[in-house]
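Taking it in order: structure first as structure tokens, then the write-up.
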Amino acid sequence: MYNNLVKKLLAEVNFEDAIILPEQVKYCVIDNFSVIEMYISEKKISFRVYGGAYMLAMIKWLQNKLQHKADIKKISLQELVKEFELPEFKYRNASQIIELIEKINAAVV
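Counting along the sequence shown from 1, when you hit position 90 you're at 114 in the working numbering, and nothing is skipped either side.
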């Protein structure tokens, strides 16, 4: 059901990912079915997700990208769909990640 990337990222998720420091800035995307919260500071990047396995894997992937100072500006919906082999009914999750990336990018500018 899940590809190797999703399985790998789900295995990497740990308790530390949800610990939030006072200096972190919160970025949030909410819809009727899920909530994504990402907290960013120079010291740490944390997240909380209320959603499914694909959502959790994608936010862990984004956390890894940000921790390695990758340029996230060019990440596209198509890239997420392909990378995670998302079924069509999960495209909404990818669009939420793109919305979160846009919020993070807007704050950095």
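Just so it is clear, CB atoms sit at the ideal spot from N, CA and C, and this is done for glycine as well.
Reduced DSSP category for residue i - H, G, I as helix; E, B as strand; rest coil
i: residue 82; result: helix
i: residue 26; result: coil
i: residue 61; result: strand
i: residue 50; result: strand
i: residue 38; result: coil
Status (buried if at least 16 other CB within 10 Å, exposed otherwise) for residue i
i: residue 130; result: exposed
Whole-angstrom distance between residue j and residue i, CA atom to CA atom
i: residue 26; j: residue 107; result: 11 Å
i: residue 115; j: residue 109; result: 10 Å
i: residue 57; j: residue 111; result: 17 Å
i: residue 71; j: residue 113; result: 23 Å
i: residue 101; j: residue 82; result: 12 Å
i: residue 32; j: residue 85; result: 10 Å
Identity of the residues DSSP links to residue i by a beta bridge
i: residue 73; result: 60
Proximal residues to residue i (C-beta, below 7 Å), its chain only, five neighbours per side dropped
i: residue 38; result: none
i: residue 80; result: 34, 37, 73
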